[in-house]
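Residue numbers (this note's numbering): 30 to 169.
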């Protein structure tokens with residue numbers, strides 16, 4: 030049994046970091062070491078994102094809200110005085126967004142053969158199923 034938080038930490042978060050890393054490198058001309066320092070990861074991780082050796086299990090670029098959130102995190106981290114608390118808040122909001130909006134269901138079925146996501150409410154945790162989906166504020 031694969032827990033939703035495992036999927037977030039091992040697949041969704043690396044994919045989001047790869048998106049932010051790409052933006053910091055391409056749009057803000059930062060070195061891999063600078064990106065690593067700003068993201069709080071190793072330079073090797075940034076290299077793996079660039080080579081697409083990590084953070085590729087999910088294509089998050091297809092979601093406009095997630096793209097906008099990655100743009101906003103990159104902008105925050107690229108500034109002269111990066112607001113790491115706000116970047117962390119947005120990244121946490123992203124994690125909630127992918128959990129509650131069923132973004133991970135298809136991947137969960139791929140990773141755990143036999144798991145059926147239809148009707149599953151595991152990602153909602155203690156929230157009632159009628160809670161619906163959440164909005165990513167960065168995507169507004």
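Ideal placement from N, C-alpha and C gives every residue a C-beta, glycine not left out.
Computed from a prediction, not measured in an experiment: that's the story for all the values here.
Following the DSSP letters along the chain, one finds residue 124 inside the alpha helix (DSSP H) bounded by residues 113-129.
CA-to-CA, the gap between residue 103 and residue 53 works out to about 6 angstroms. By the criterion of at least three beta-carbon pairs nearer than 8 angstroms, the stretch 104-123 is in contact with the stretch 37-53.
Here residue 133 is near residue 36, since their CB atoms are less than 7 angstroms apart. Annotation: the continuous alpha helix (DSSP H) that includes residue 52 extends over 42-57.
Excluding residues up to 5 positions away in sequence, 68, 70, 78, 84 lie with their Cβ nearer than 7 angstroms to the Cβ of residue 46 in the same chain.
Under the three-state reduction of DSSP, residue 149 is assigned to coil, being neither helix nor strand. A direct Cα-Cα distance of roughly 8 angstroms separates residue 152 from residue 131. A Cβ-Cβ separation of about 4 angstroms places residue 57 in contact with residue 107 under the 8 angstroms criterion. Each residue's CA atom was taken as its position, placing residue 82 and residue 127 some 22 angstroms apart. With fewer than 16 other beta carbons inside 10 angstroms of its own, residue 142 counts as exposed. Here DSSP, grouped into helix, strand and coil, assigns residue 95 to helix.
Between residue 61 and residue 76, the CB-CB gap stays under 7 angstroms.
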